[in-house]
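Residue numbers (our numbering): 23 to 456.
Note sheet for the following structure.
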């Protein structure tokens, strides 16, 4: 068994960087349509409607928790194995195909099919999230520390346009279906097929053009790969003291991402249950938010290379806090729209800056492993956040407005924890060889 080495003999091309960014474009339809805008509200309002709003919301958050628990358990080890075997791209291909297939199968989930819908969305979300971690692990290989924030911002910005395209296609179909007199139970399943097809087609440039730069000089079997993955993960935890700023940031990220994930997987549910939005209204709302999110990712992507990723994240968390306060007090649509667009701006900036900061804290040759830890942190937050919200909705008998206060608490706590991170020291420690 031998250690991997980076293949730097061939320079990174613009086409390859574009191919990397295109994966954000490709997979954003899944986040936008399935988790944020349409299917989540469809699950609560149609598939599990007979359970009541409080129970249905809790079931949705349980499905999200189960999917992210699978990722939490597997991500660091999968990342380490991918680094050691030079197989990040093969892993990425497998997770992409899996997400496309399970998303398409959601077409068959209708009213009352709670177990089927939960099972499929758990599998699809697991594949989606695993692929998200793997594509992020390519970032340090195709960029420099000085341009990492900018390229990450480009990817997020392009991703929001991918989400926007998926919403436009779904809106066109939903409008046509409603004109034909079809109900949500009849037309929403088709939007799952739209997402699956767009994801599969848009991911082709990534799967064709993005190169695997890690080489191994000797082949080894699966058992050795798994053992190597656990060994490298163990080494990472043992070296936590040397990478103190990475781990401090991961704790902060876990906390504030809990709030972000509440918004991602429950925004449409809140709009439907509290503000009275219909499917078409929600699609238009999320379309506008995707535009502001793309602008936020682009703006903060440039800004973080100037003032640092930590400062950019702090600014976005302040915007998040303002947005949640607006949403809490919104009793009519105009203030809710203000909150939504503040969320869009902060969402793009927080996600791009967070990914870039992890990349800057990552030693060469251990990208998959360290971004696996990033995936562990984000998926832990994806369990904690929605389950906290879902539990509060259940305890308070369907009161979504009171449950929203948990989101505010996560952002305030995350901002306070971020203050302990020393960005300069974290970058220096990433250069240390062991």
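Ideal placement from N, C-alpha and C gives every residue a C-beta, glycine not left out.
Report task. To the nearest angstrom, report how far apart residue 239 and residue 109 are at their CA atoms. Result -> Residue placement at residue 239 is flagged as unreliable, the pLDDT there being 48, under the threshold of 50; a coordinate-derived value is accordingly withheld.
Report task. Use the C-beta contact count for residue 205: other C-beta atoms within 10 angstroms, 16 or more gives buried, fewer gives exposed. Result -> Exposed is the call here.
Requested in this report: Give the secondary structure of residue 303 by DSSP, where H, G and I count as helix, E and B as strand, and everything else as coil.
Outcome: Three-state result, residue 303: helix.
Query - Cβ neighbour criterion (16 or more within 10 Å) applied to residue 450 - result: Exposed.
Query raised in the report: What alpha helix (DSSP H) runs, 4 residues minimum, are completely inside the stretch 137-175?
Result: Look at the stretch 137-175 and you find these whole runs of alpha helix (DSSP H), each 4 residues long or longer: 161-164.
Query raised in the report: Do the CB positions of residue 182 and residue 315 come within less than 8 Å of each other?
Result: Going by C-beta atoms, residue 182 is nearer than 8 Å to residue 315.
**Report entry** Reduced DSSP secondary structure (H/G/I, E/B, other) of residue 239
**Finding:** Reliability fails at residue 239, whose pLDDT of 48 lies under 50, so the model's placement of it is uncertain and no value is given.
Report task. Using a Cβ cut-off of 8 Å (strictly closer), state whether residue 148 contacts chain D. Result -> Absent here is chain D; the protein component of the structure consists of one chain.
Requested in this report: Kindly indicate the opening and closing residues of the alpha helix (DSSP H) around residue 382.
Outcome: 355-382 is the extent of the alpha helix (DSSP H) around residue 382.
Query raised in the report: Does DSSP classify residue 418 as helix, strand or coil?
Result: Three-state DSSP puts residue 418 in coil, outside helix and strand.
Requested in this report: Whole angstroms is fine: what's the gap from residue 198's alpha carbon to residue 88's?
Outcome: For the pair residue 198 and residue 88, the Cα-to-Cα distance works out to about 35 Å.
Query raised in the report: What's the call for residue 168, buried or exposed, on a 16-neighbour Cβ count within 10 Å?
Result: By the 16-neighbour rule on beta-carbons within 10 angstroms, residue 168 is exposed.
Query raised in the report: Which residues in the same chain as residue 326 place their Cβ atom closer than 7 Å to its Cβ, once the five residues preceding and following it in sequence are excluded?
Result: So the list reads 171, 334, 375, 378, once near-sequence residues are dropped.
Query raised in the report: Which of helix, strand or coil does DSSP assign to residue 446?
Result: The answer is helix: DSSP assigns residue 446 an H, G or I state.
Report task. With a threshold of 16 other CB atoms inside 10 Å of the CB of residue 163, please say whether the residue is buried or exposed. Result -> With 16 or more other Cβ atoms from the protein chains shown falling within 10 Å of its own Cβ, residue 163 counts as buried.
Query raised in the report: Looking at residue 118 and residue 229, is the spacing between their C-beta atoms short of 8 Å?
Result: In this structure, residue 118 lies closer than 8 Å to residue 229 by Cβ.
Query raised in the report: DSSP on residue 34, reduced to helix/strand/coil?
Result: Reduced to three states, the DSSP call for residue 34 is coil.
Query raised in the report: Do the stretch 138-153 and the stretch 71-90 touch if we need at least three Cβ pairs shorter than 8 Å?
Result: Flag = yes, the stretch 138-153 and the stretch 71-90 touch.
Query raised in the report: So what's residue 205 in DSSP terms, helix, strand or just coil?
Result: The DSSP-derived three-state label of residue 205 is coil.
Requested in this report: Starting from the C-beta of residue 128, find all residues in its chain whose C-beta is less than 8 Å away, skip the five residues before and the five after it, and write them out in chain order.
Outcome: The residues are 56, 61, 139, 142, 143, 146, 211, 214.
Report task. May I ask you to check if the CB of residue 405 is nearer than 7 Å to at least one heavy atom of the ligand GDP? Result -> With respect to the ligand GDP, the structure offers nothing, as it holds no ligand at all.
Query raised in the report: Where does residue 85 land, buried or exposed, given buried means 16+ other C-beta within 10 angstroms?
Result: Residue 85 should be labelled buried.
Query raised in the report: Would the stretch 263-270 and the stretch 69-86 be scored as touching if the rule is three or more Cβ pairs under 8 Å?
Result: By the Cβ rule, the stretch 263-270 does not count as touching the stretch 69-86, because fewer than three pairs are nearer than 8 Å.
Requested in this report: Have a look at 49, 305, 442 and flag the residue whose alpha-carbon is nearest the alpha-carbon of residue 195.
Outcome: Per the Cα distances, 305.
Report task. Just tell me which of 287, 222, 122, 429 has its CA closest to the CA of residue 58. Result -> Comparing alpha-carbon positions, the option among 287, 222, 122, 429 lying closest to residue 58 turns out to be 287.
**Report entry** Cα-Cα separation between residue 78 and residue 447, rounded to whole angstroms
**Finding:** Inter-residue distance for residue 78 and residue 447 is about 46 Å (C-alpha atoms, whole angstroms).
Query raised in the report: For the candidate residues 220, 35, 453, 41, whose alpha-carbon lies nearest to that of residue 381?
Result: With distances taken between Cα atoms, residue 381 lies closest to 453.
**Report entry** residue 430 versus residue 343 - alpha carbon distance
**Finding:** So the two alpha carbons sit approximately 6 Å from each other.
Query raised in the report: When you compare only the Cα positions, how much space is there between residue 184 and residue 371?
Result: CA-CA distance, residue 184 to residue 371, rounds to 17 Å.
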